[in-house]
Structures are given as C-alpha cells and as structure tokens.
Amino acid sequence: MTPLSAYLILSAMIFAIGLAGALTRRNAIIVLIGIELMLNAANLNFIAFWRFSEHPEALTGIMFVIFSIGIAAAEAAVGLALIIAIYRHYKTTNVDEVNSLRG
Amino acid sequence: MSDTFDQIFVSLKHWLLGYLPVWSQPVISCLLSIAVIIVAFATLFAITTWLERKGLARIQNRYGPNRAGIPLTNISLFGLGQPAADGIKALTKEDIVPFAADKLVHFFAPVVLVIPVLLSYAVLPIGRNMVAVDMDAGLLFFFAVGAATELSVFMAGWSSRNKYALLGAMRAIAQMVSYEIPLILSSVSVIMMVGSLSTVKIVEAQSTYHGLLPDWFVFTPWGFAGFILFMISALAESNRSPFDLPEGESEIVAGYFIEYSGFKFALFFLAEYLGMFAISGLGITLFLGGWHAPFAWLTWIPSWAWFFIKLVTLVLILIWIRGTVPRLRMDQLMNFAWKFMLPMALLNLVGVAIWHFMTPGLPRWLVGFALVVGPYLLLGRGLMAGKNLAKRTYRFAE
Amino acid sequence: MLGEGIIKGMAETARNFLGSYVSDERLTTVQYPEERIPQIENARQFPFLLYDGDDWHAGMRCVACQICEKECPPKCIYIEKSKDKKPDYTGKAQFYPAKFDIDISVCMSCQICVEVCPFDAIKMDTEYELSTTDRFGGLLINKQKLSRSNSHFRQIHPTDAAEVDMRLAAEKAKAEAKAKAAAAPKPAPPAPVAAPIGA
Amino acid sequence: MTLPFIILAVLTIAAAVAAMSLRNLIHCALAMVGAFGGLAALYLQLDAQFVGFTQILVYIGAVAILIVFAILLTRGGQVPEKALFSSSWIWGVLVTVAVFGTLAWTIKNSFASQRVPAERVEATVKEIGDALMTKFVLPLEVIGLLLTAALIGAVIIAMRDEVKK
C-alpha cells in the first residue's frame, strides 16, 4: 500500500500547480481552472486521511468531499457567469486588463 | 438441463480458467469477460444496422439492402452481407484529416467516445451470474461514464474546425445535458424502491411472479411512467430520431462527425449504436426485470437469451419510432425536456414514495394511477394552452 | 401534446411495414439490373452523330460548322475542321470533322447542340450505361464511337426521326431538281454518290 | 509506493501542468479533464468508489462542459498572441514555491508517514445515504440551498440586461 505521505505530497504538488496557474496566468478562465485544481487537491487530502484514519466508518472525509464537490460545482457556475459578464463589459477575459471599477 | 444452458457461458469460463496458472486467472478472467462483451455487442451492432435499414425501408415501402450476401455467389440472404460489406468499406476508406484541424484532439475524439460506452457495459447484468463487475455504486458508474461521452462529442466538433461540426457538438451537448436530468431522475425512482444502486440487486428485486404478471417495475403506475420517461431520455441521450438534431442532415450535414471518414467515422457509428444498446440494456435492467423471464413457465429459456430478446425488442421499437416521428426543432426539444420531462420525473418520485409507503391493494393502485395520469393530463394540456395547433396556413405557398 | 398523434403515426408506419410484405404493389422500387423501365420517347442522355447509309465516315452529316462547339454551355465539344472536302447527302462537297470529341463527363445533356445544328447531324441518345473505369479517357468519346446510323435514330425517337427524314428528303429533292435544272442544258456531271436518305 | 499509484500520480501531475501552461485554452480545459480523471482514479484506488464516480459525473460531465462553453462564449478558442502570464508572474511563482516548500516540509516532518491504512474500509452507498440523511442532514440542506442560490445567481449575472440597452 502506498504510504499516506505519498498522497499528501501528490496533493501538495497539485495544489502548488493550481496555485501557480491561478497566480500567474492572465486568462480568467485558466485562473478558475487553477482554483478548481486547488479544491481537488484538498479533496484528495480528505480522502487520503479518511482511508488512513482510525475510524473510517465515520465517513467524515467522504462526506466532506461530497459537499466540497457540490460547492465546487456552484463556484464554477457562479465564477463562469462572472467571467462571461466581465467579458461582455470589457470585451476581454484578461485579468490584467480588468483593473478599473468604473463602468 | 435448463440450468446447464443458463450457466453455459459461466461454466465455460470456469472450465477455461481451470487450465490456466493461478496467478494469471484474475487477468484472464477480466479479459474473457471483456472479449465476450465486445464480440457479442459488436455482432448485435452489425445485425442492428441491417435490421434498421431493412425496417426503415419497409416502413417507407422500399426493399432495403437485398443484394450483398455471400461473396462470389448469387446467394443474397436478404442482404445480410451488407454489414460486412459496410465494415470492409469503412476500414479501407481513406482517412481524411482536415488541414486546419487540431490533429491530436481530432484523433482522440472517437477513441475517448468509444471507451466510456464500452465501460458502461461492465455493470449490465446480461444473465444470471453474468455481470462483468457487480459494483455497489453500479448505476452511478453507468451515469458517470455516460457523462464522459459529452466531452468527446465536444472534442470531435471543436477539433474539426468546421462550423457545422461545432454547431452539431453544441446541440449534442445541450441536448445530452438537458436529458440527462430526466434520465437520472426516472432511474432514481427505481433506486428508491430497491434501496440499492447495484444493478444486480435491482434485477433481483424484480425476480418474483405475482399471479400472471412478473413483478417488473414497468407493471406499476410509477414504473410505467418512469419507463416511458427513461426511454424518451434514452432516445435523446443516444442522439436518435426524433432527437437527432446534432446530426440533422438537412441542416448541419452530419453534425460533429462531419469531418471524419473511414475507420474513425465507423467508430462514431459504433459508439452511437453501442450507446443505444447500453442505455436500452439499462432500461431493461431497471424496469423490464433484467434477464428474468416474463412468465414463470418460460424460465427454461436461458436468462441471457431473455436479456437479448428484450434488448432486440426495444431496439426494434426504437427503429419503429425512428421511422415514424419527424425531427424536433431545437426550442421544442428544450421545452420538452425542461417543461414536460423534468416535472413529470420529479412528480413521479413523489408517486414512488407514496407507493412505497402505502399497503398493497386497490387504493394503492388508484392513488398511483392518479399520480401519473393527473400530472400527465395537466402538463400536456397546460403546455398546449395558448398554442394554435390548427392546420398551418401558408401565405405565399400553395 | 398528449401523444395521440404519435400513436396514430406509429400505427400508420406499422401498417406500411406489414403492407409492404403483403402487397407487391406497395413496393415501387425497380430492381435495376434485372428489371428496367422502358424509356419514354423523349428521353435524352448524351449527344451522338448521325450518319446515313452504312459507312459512318462517308455518310456523316456533320459538316464541321462548329456552331455546336460554340454554343455548348459547358464547352464539352471539340471539333477540328478537315482540310479536304467530302460530298454530303445532297451531293454537295462539304468539310467534315477531322476530329469530333465529346467529353460526356462534362456534358450536361442540355440538348442545345441539337437545337442549333442546321444539318440535323447531332441528336440525343438514350444510352445511359456508360460507366467506365477510366474517368479521363473513358468518358472522352471520339468521332467513331459517337456515330450512330439513322436507323438507330429512328428506333429511339421515331416521331422526331420521321420529321427529320421528311425535311431532308424535301431538301434533297429540291437540290436534285436544281441540279437537274442546271444540268439540263449540259450533260450532267457524274453525280457524287451520296447515300440515299434512310438507306 | 505501488506502480498504479505512480502511474496515476505522474499522469495527474502532467495533466495539471499542461492545464496550467498550454497556450490554447481548449487544450487547457481538456488537460484539466485529464487531471480530474486521474484524481477520480486515485479516489477509486483509495476505496472511495462513490466519491470517485461523483467526481467523474460532476467534474467531467458538468464542470468541464461549463468551462468549455465559457471559453467558447468568450472567444477563447483562438490561440492568444499576447503573453500568457500576467505581469506579476514572478510574485506568483515565489508564493507558489514558498507554499509548496512549507507543505512538503510539514508533511515530511509530520506523523503521516507512520500512519497505516485501515484494514477494510466499506463506504457503501447505503451507509453514505444513511449518514447524509441523519448525521449530515443540515449540511445537505445547506448545500441544497447554496446550489439553488448559485443557480439563480449565475443566471442573473450572465443574463443580458435588457433594461439598459
């Protein structure tokens, strides 16, 4: 069996990749994908901890991930709606160019 | 005697595995199951293409394919050689990739379309003890891999760099996403009744006989409504007429696989038909008692034969529908999904719950019946209200 | 919206499906290589060149006037005029086509060449089984292969052929009368042998 | 570490890197789907069947489609000529390196490497359903409310405002 630390390191790497993308890319949709990746990395952590826990029958990790997936779906829907609204207004999805609050 | 026939494939597999070294048995067992599923359903696919062309032709008072038979002879066998001829043609045709296409995505789209469709067969019980994987979350698995096909449709449409392909892909995705909801909700009714997502348990729950009729879910008010809703959504999910807008020949030529030819086109064709078989098989599993015989005195016919008899019957009905109903318009399609199918499926869930908690007897039947027919009449009439359904008059034509 | 229409339609298609097995009248398909529908008289496929008599070269009516070549909308006719002359059916010396090719892969069967021909030399054929394995050379048909005798023309388009024959006979009679009138004072020169009309 | 884990981990990381660095946005979205699929396979490897299939159903079946639609609606299908990375990318990289360093250091020094997996873990659908309906019924209701609110909110945000014109 793979040790817990391997899963945690993998999760940390995915989190770091998502963070790097979210912080450095200019396109808002890619930023959103990065955030989704970070959420997924956290989910992997929950599942791994659940699998290696002393009381797996409590199902806490699984439950957390199920709710987290639900929230991520809502977040994606709202986020993409915002991006589309911004695109309509500024004609761009570039986060660098969206820097003024005045319409 | 009937038991040997029933279990012939299972015992054959065990007998074969007995000759193999122990370490290789799990792998070989998997491979055998996969091979049998692929071969059986690919053969069914070949026969269905012929049946479909024949049936549609007869509905339109034509002959249909009646030439291709055994090569180099004059024996035509009612054109049964046609699938083989078509297959050879598709395999030997030139594979054309558009110059502007996204080559990698264009190549992978048909592959990632076929894989989920084949995966979905893993949870279908095609006979007693004949299911590739008896998963606890079998139905969820089926819908999860079914959802993956949407993306490959998009890949095909987008990578072709063709406006018709993109339009077709967009239509296909919109349609599949919309009809997935009534599809899943109508199967949730069965899940509520059985209390399990495992396909094997669902089939077991329908194994008893009640007087003349078997205890199939289709013979209950909610089950009948659920089956009809399920099959309508299944038609839309497998992009078949009357929901074949994604490939509407008269508008967008062939939809998302317009830029595919040769073997890749054959893969799309195969995936479409295999998807139709898989979803019909799921309908059988959920509502038509799976591999169970319809009457207690017919149980001597092997279970796998019953599954395939039911499957072919459903496919024939789908062909019949294709020969009858014209293609819907996009707004009609969406209205139908969101204004009729979704409320019906949700109300059906209420019907199941009430059915589940009422004691068996005539009142239960009456309430169940009222809970299906009432919404049906109300929704049907309500959607018709304010619509002019008189014969259309044309100002300039005629 | 209650679905009665769909049931009605399903019954109709089922009736057609079963009916096609019961009555052969429903199946209107013609099983082509074995069965053929006789062609109607005005059927037309691709042009051919008419000749009188038995010798396609000597009896060719075409005088290489090249009107059809100029009129042809898709430009599928190629004509080269001959250097020498040969006598036509009235006995008058005329040019003849040294080369007359029609590319029937280009031809659109419009019949304009037939309409413009002042000599009734080009007509429409009813032959339609022209498929070939060579799409470039095989469909470029030369003078010899284009030639059909007048009897063939009479066979495929009897009404049209009778009218043309009558007109040509009248013209020939006129030409002969003229020749006779011209020959009356002097002894007639040996008349060039022309195939009699409709031989 | 077992071979399936290494294969899945490498694939997931490669797909995640591709999703964050490719030039064409659609390619990014497809690579993201690969990363989500890899994570779903990892969940299955960890005996979390239900979560794995839910991951496929929600992320590949819904979120990926949503993202792809958003890319097409914002005309992101063409390859951008301008720079891919934002002007302050150096700070982003620094923050990322710092975060990853901290995480890795913590994991390495934590008790995680000594943990042993539970013997037999059963998370059947029935158990999950029971838990959702009893212990976790309040979060479930809240999630339902959140999803409804998100649905309405997304529709309102993305709706064209007809009034202004």
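Residue numbers (my numbering), protein chains in the order written: chain A, 2 to 104; chain B, 17 to 414; chain C, 566 to 764; chain D, 20 to 184. The beta carbon of each residue, even a glycine, is placed where N, CA and C say it ideally should be. Predicted model, so just to flag it, every value in this text is computed and none were measured.
Only E146, I147, A150, F155, P158 and I162 from the region 143-162 of chain D bring a Cβ to less than 7 Å from some Cβ of chain A. At a C-beta separation below 7 Å, B:I75 has these neighbours in chain C: T578, N581 and F582. Residues of the region 582-596 of chain C that bring their beta carbon within less than 8 Å of a beta carbon in chain B comprise F582, G584, S585, Y586, R591, L592, T593, T594 and Q596, in sequence order. In this structure, DSSP gives A:R26 an extended state, which the three-state scheme calls strand. Excluding residues up to 5 positions away in sequence, G297 lie with their Cβ nearer than 6 Å to the Cβ of B:L140 in the same chain.
A Cβ-Cβ separation of about 6 Å places C:F611 in contact with C:C672 under the 8 Å criterion.
Assignment of C:Q709 by DSSP, reduced to helix, strand and coil, places it in the helix class. According to DSSP, residue pairing for C:S714 in a beta bridge involves C:Y616. A:I36 does not reach chain D, its nearest Cβ partner there being about 11 Å away, counting only Cβ pairs nearer than 7 Å. By the Cβ rule, the region 52-64 of chain A counts as touching the region 119-136 of chain D, because three or more pairs are nearer than 8 Å.
Around the beta carbon of B:Y180, 16 or more other beta carbons sit within 10 angstroms, so the residue counts as buried.
In the displayed model, C:D668 falls within a strand according to three-state DSSP. Put simply, the CB of B:I268 is far from chain D, with every gap to its CB atoms at 9 Å or more. Inter-residue distance for C:R626 and C:A726 is about 14 Å (C-alpha atoms, whole angstroms). Contact annotation: A:V79 and D:Y62 have beta-carbon atoms that are not nearer than 9 Å. Scanning its chain for C-beta atoms nearer than 8 Å, with the 5 sequence neighbours on each side dropped, one finds around B:V210 the residues K217, I218 and A221, in chain order. Counting every other CB atom within 10 Å of its CB across the protein chains shown gives C:L733 a total of 16 or more, marking it as buried. Contact annotation: the region 23-35 of chain D touches the region 50-65 of chain D, with at least three C-beta pairs closer than 8 Å. Inter-segment contact for the region 147-155 of chain B and the region 88-101 of chain B is absent: fewer than three beta-carbon pairs are separated by less than 8 Å. The C-beta separation of B:F243 from B:G299 comes to about 7 Å, placing the pair in contact by the 8 Å criterion.
The beta carbons of B:T64 and B:V331 sit closer together than 9 Å. C:Y693 is the residue among C:K651, C:Y693, C:D617 and C:P723 whose C-alpha sits nearest the C-alpha of C:Y597. Contact between the region 165-177 of chain B and the region 117-124 of chain B is present: 3 or more CB-CB pairs across the two stretches fall below 8 Å. Going by DSSP, C:E645 is part of the beta strand (DSSP E) stretching over I642 to P652. With its beta carbon less than 9 Å from one in chain D, A:V66 belongs to the interface. Assignment of beta-bridge partners to C:I687 by DSSP yields C:L614. Annotated as proximal: A:R26 and D:M39, with beta-carbon spacing under 9 Å. Annotation: Cβ neighbours of C:I571 in chain B (cutoff 8 Å, chain order): T340 and V341.
Excluding the 5 residues flanking it on each side, B:D22 has same chain C-beta neighbours closer than 7 Å at R144, P318 and S319, in chain order. In the three-state reduction of the DSSP assignment, B:G143 falls in the strand class, which pools E and B. Of the candidates A:M64, A:E37, A:K92 and A:I85, A:M64 places its Cα closest to the Cα of D:A150.
In terms of beta-carbon proximity, B:Y272 stays away from the interface with chain C, with every pair separated by 9 Å or more. Contacts with chain A at 9 Å (Cβ-Cβ) do not include D:G53. A contact is defined here as three or more CB-CB pairs under 8 Å, and the region 648-665 of chain C meets this definition with respect to the region 700-711 of chain C. Under the Cβ criterion (8 Å, minimum of three pairs), the region 642-662 of chain C counts as touching the region 737-744 of chain C. Assignment of B:Y225 by DSSP, reduced to helix, strand and coil, places it in the strand class.
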